[in-house]
Amino acid sequence: MPECAHIAIIGGGAAGICAALGARAQLRRHGIPDAHTSICIFERNPELGIKIRISGGGKCNITHAGEMMSVLSEGFFRQNEQRFLKPAFYGLTNNDVLQWLRERGVETYTRPNGRVFPTSGKALDVLSAFKRLLSEHEIQVFPNVHISSVSRPDDAFAVAMGDAVVKAAQVIIATGGVSYSKVGTTGDGLRFAKAFGHTVVTPYAALAPIYFTKPPEAELVGVSLRQVGLLARASRVIASRMDDVLITHLGVSGPACLSLSREIALVCTSSAVDLCVNFFPKFSADDLHAKLLQLQQDHPTQFVRTFLEQQFPDAVVPFIFRAANVPVEQKWNNFTKDKRRTLVETLKCFFLGRVKDVPIERGEVSAGGVALSEVNPKTMESRLVANLYFAGEVLDVAGEVGGFNLQAAYSTGWVAGQTAAGKLCV
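If you read the sequence shown in numbering that gives the first Met the number 0, its first letter stands for residue 0, the second for the next number, and so on.
Spelled out as structure tokens, the structure:
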């Protein structure tokens with residue numbers, strides 16, 4: 000363990016890795032030899048980048064394609080997050096990251112929805128490329144290090160780990176939030192931030208599954224609904240998303256659920272929240288009613304269920320009929336206007352379940368964290384403590400599913416590293 004470091008980076012995830020790369024790139028740009036400065040990553044886990052390994056179901060959704068302003072607006076719905084992240088997103092873009100990977104043999108492809116993955120389908124290939132980058136940039140990595148505290152007794156920071164204390168001129172906190180605690184994101188960085196007087200917005204779940212008070216019917220467990228609307232309702236519709244929904248033994252998951260979970264987590268502890276499915280999100284109620292009427296006229300002797308079975312998994316159709324109080328053997332020729340109206344109402348708002356919990360420990364990321372107002376968005380430096388920086392999920396930002404959060408980690412880490420190293424060049 001070194002006695003001192005010019006730049007100590009706490010956390011070896013996407014943000015910490017890019018902070019180290021950004022720092023070394025800045026030093027080299029100023030002609031400072033690698034041997035003259037030490038950049039150290041201290042990682043709690045046995046290896047770096049655990050979340051990179053498990054992202055995208057082990058395939059690694061590296062980033063999101065597109066011009067950076069559109070990536071921001073698509074991935075971060077809150078205006079304060081967009082404003083905060085904009086300088087960093089232009090400091091290190093999605094194309095910059097993909098070029099790093101291509102130069103190290105990792106080819107990528109972009110799905111129609113903009114999500115970028117390695118062609119190999121292996122997150123390990125992405126992580127291996129990042130590790131090569133660290134090696135090329137002469138970054139010292141110390142795994143299995145549990146940091147107990149970070150303080151500043153004098154001009155230098157004291158990073159305490161067991162019996163050892165590392166003195167550091169600059170410290171970058173990139174520890175992540177509190178989601179997926181089993182991979183080491185236990186909230187240490189938030190504790191360090193509080194010790195320096197920072198405001199920490201209480202963490203809550205984002206990109207998490209949603210659990211119901213009453214588990215779904217056994218016949219529905221495992222059913223995947225494609226491109227439906229998922230609506231969260233209390234006294235009104237709180238929020239909605241259109242994407243795939245997976246019904247689980249405890250509630251729901253899938254992209255639409257993950258995207259909606261942050262909004263629900265904010266209100267479900269104080270209000271009863273119901274989840275409903277809009278099976279035809281691209282149709283208004285009137286348009287859907289007209290479509291059913293046309294089917295009735297064109298196929299009078301056909302079962303009504305035939306149309307639904309052509310659209311959705313067979314398992315869900317009987318539950319739609321039950322909710323609409325329509326017999327499963329109903330034919331179009333004696334389908335009354337009232338029944339048609341009731342079926343339309345059910346198809347536009349089919350009750351799935353009442354929310355019991357949005358478990359933060361199962362979230363891919365956590366919202367909340369170090370208050371953005373206390374961090375300079377152009378440098379990622381603390382506005383309260385000079386030479387202290389924050390990057391990645393430890394900040395109060397949380398994006399949509401689709402590679403946005405990893406890009407935020409890369410970009411904020413890079414800017415933090417560039418700024419910290421820039422001070423050493425003066």
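Each residue gets a CB set at the ideal place from its N, CA and C atoms; glycine is no exception.
The Cβ atoms of L229 and R240 lie closer than 7 Å to each other. Less than 7 Å divides the Cβ of G176 from the Cβ of P202. In this structure V327 is exposed. Its beta-carbon is surrounded by fewer than 16 other beta-carbon atoms within 10 angstroms.
Pairing W331 with Q310 gives a Cβ-Cβ distance that is not under 7 Å. Within the same chain, and ignoring the five residues on either side of V364 in sequence, the residues whose Cβ sits closer than 8 Å to its Cβ are G176, S178, A205, L206, E392, A397, G398, N404. With distances taken between CA atoms, S234 lies nearest to S270 out of S270, A255, H248.
A check of alpha carbon separations from T62 across V125, C3, P312, D313 identifies V125 as the nearest. Taking each of A168, G48, L133, T92 in turn and checking the Cα distance to C3, the smallest one comes out for A168.
If you compare the alpha carbons of G104, G30, K130 with that of A19, the shortest gap goes to K130. The DSSP-derived three-state label of L47 is coil.
Exclusion of the five residues before and after E262 leaves A231, I237, A238 as the residues of its chain whose Cβ lies within less than 7 Å of its Cβ. Close CB contacts of P280 within its chain, under the 7 Å cut and outside five residues either way in sequence, are with V227, G228, M241 (chain order). CA-CA distance, P86 to S69, rounds to 14 Å. Within the same chain, Cβ atoms closer than 7 Å to the Cβ of R382 are found at E373, V374, N375, the five residues on either side in sequence being excluded.
Looking at the backbone, the Cα of Y89 and that of M67 are separated by about 7 Å. Per the coordinates, the alpha-carbon of A159 lies some 5 Å from the alpha-carbon of S148. In this chain, the beta strand (DSSP E) harbouring M241 covers 236 to 246. Ranking V316, V144, S127, H35 by CA distance to the CA of E137 puts H35 first. Rounded to the nearest angstrom, the gap between the Cα atoms of Q293 and L307 is 14 Å.
Taken in chain order, the complete alpha helix (DSSP H) segments of 4 residues or longer contained in the segment 0 to 34 are 13 to 28.
DSSP places V343 inside the alpha helix (DSSP H), whose first and last residues are 336 to 347. Residue pairing of F211 in beta bridges, as defined by DSSP: V354. Setting aside the 5 residues that flank it on each side, I6 is surrounded in the same chain by A22, I38, Q169, A419, each with a C-beta closer than 6 Å to its C-beta; the list follows chain order. Every beta strand (DSSP E) of 3 residues or more that sits fully in the segment 99 to 135 is shown, in chain order, as 107 to 109, 114 to 117. Cβ atoms of E106 and T118 come within 8 Å of each other, at about 4 Å. Within the segment 48 to 99, the complete alpha helix (DSSP H) segments at least 4 residues long are 49 to 53, 67 to 74, 78 to 90, listed from N- to C-terminus. A straight-line Cα-Cα distance of about 20 Å links G412 and S72. A buried status is given to F41, since no fewer than 16 other beta-carbon atoms sit within 10 Å of its beta-carbon. With contacts defined as CB atoms closer than 7 Å, A370 and V165 fail to qualify as a contacting pair. Excluding five sequence positions before and after A264, the CB atoms of its chain that fall closer than 6 Å to its own CB belong to Y203, A204, V357, given in chain order. DSSP places F306 in the helix class (H, G or I) of the three-state scheme. In summary, Q406 is buried, with 16 or more beta-carbon neighbours lying within 10 Å of its beta-carbon over all protein chains present. Just measuring C-alpha positions, the residue of F75, N79, F76, E135 sitting nearest E102 is E135. The Cβ atoms of K336 and A284 lie no closer than 7 Å to each other.
Counting only residues of its own chain and dropping the five nearest sequence neighbours on each side, T109 has a CB closer than 6 Å to the CB of A64, V115.
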